[in-house]
Every structure is written in structure tokens, then in C-alpha cells.
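For the sequence shown, the residue numbers in this note's numbering are 168 to 306.
Just so you know, even glycine gets a beta-carbon here, dropped at the ideal spot from N, CA and C.
Quick caveat, the model's predicted, so the values are computed rather than measured.
As C-alpha cells, the structure follows; a few thoughts come after it.
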Amino acid sequence: VDQQKLRILCFYQLFLDDNHNILELDDRLKKFGDHFMFVDYTELVCKLKELERDEVLLSQGGVAYYTEHYTGKITPFFKPEDKFSYQHEQRIVLKSNDFLNYGIKQPFKIKIQDDITDLFSEPIPIDKLFCAKKLEDII
């Protein structure tokens, strides 16, 4: 796949137990910034599927973290295990020939018919996440 045809949206997946206790936070997440947002990922994927009418292909899923011994095909859903597995990453990969008209770092504005701002929470200080024991302590 020509990488210039791809745009990748990356999300951290927060893990909770049945009682909404927060599991498996890693301090390295703080390197991503001072704030975070909750995203209705499932609904966002549904809205982004609208782009298929404009010949933008969409795939999504969790990242598989591979070891140095892995010899199979590497896709946009693979990352080296030892360095990145703490990220628990979910990805949405958009693929379009139109992306070739843009530089690799130039943004591509997507056109979605509906307003999607309600799919994102307000920014929340990252320290609030690390101080919380349960999801309810944050929202």
C-alpha cells in the first residue's frame, strides 16, 4: 500500500472492569499531552463511513503488537510490542487516491454531513484520569 494514500486516526482504549474501575494506566501516556477527551468511537466510525461515498475507504480496529520474531505482513494495524503495547491503540485508517494531492503532513479536511462534536467530550486534564479509580470519578 502506498503510505501517502493513508491517513491514520489513533485512539487510546481505556480498559475498565465490570464495576467501571480503571485498569492498566501507564505513566507514559502523559507524554501525549496535558489533556484527553472521551470519544464515542463506535459512532465516530459510523459517521466516517459516510466518506465511502467520496471513494475514501475506511478500516478500523485494534492495533496488534508484534515481537521482533514476527515475520508476517505488517499493516497499519501493527506496532512493535515492546515499545508501544502500553498504548492499547485503536485505529481508523482512511485510504484515498485524493490524499496523493496533499503532502504527508498536510491535513485533509473530511466532509461529514452531520455535526460530530457531540461525539467528543470537553478536554479533561490528564491528571484527573491518573487520580481516578473509577470512570465515574472523571465524568
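Closest residue to residue i among the options (Cα-Cα distance)
i, options, result
"Q280", "G200, L181, E289 and E217", "E217"
"G228", "F244, L261, H187 and K214", "F244"
"Q180", "T284, K301 and L192", "L192"
"F298", "K250, N188, E248 and N268", "Going by the sequence as given, residue 298 is Cys instead of Phe. Considering only alpha carbons, the answer is N188."
"K197", "I291, D304 and I306", "I291"
"E303", "L183, Q170, Q171 and K172", "L183"
"S252", "N186, R195 and D207", "R195"
"D282", "D221, L215, R174 and L173", "L215"
"N169", "T242, D185, I293 and R258", "Correcting the residue identity first, residue 169 is Asp in this sequence and not Asn. Among T242, D185, I293 and R258, the Cα nearest to that of D169 is on T242."
Exposure label - residue i; buried when at least 16 CB within 10 Å
i, result
"S263", "buried"
"E256", "buried"
"F266", "buried"
"F203", "buried"
"L190", "exposed"
"L296", "buried"
"L261", "buried"
Under the three-state DSSP convention, the category residue i falls into
i, result
"N188", "strand"
"L176", "strand"
"K301", "strand"
"Q280", "coil"
"L267", "helix"
"Q273", "coil"
"I291", "strand"
Bridge partner(s) assigned by DSSP for residue i
i, result
"F182", "L190"
"L218", "Its beta-bridge partners do not exist; DSSP assigns none."
Exercise for review: Would you list, in sequence order, the uninterrupted beta strand (DSSP E) runs of no fewer than 3 residues that lie entirely inside the segment 231 to 263?
Suggested key: You should have 231 to 233, 245 to 247 and 256 to 262.
Exercise. What are the start and end residues of each continuous alpha helix (DSSP H) run of 4 or more residues lying completely inside the segment 190 to 215, in chain order?
Worked result: The segment 190 to 215 contains these whole alpha helix (DSSP H) runs: 208 to 215.
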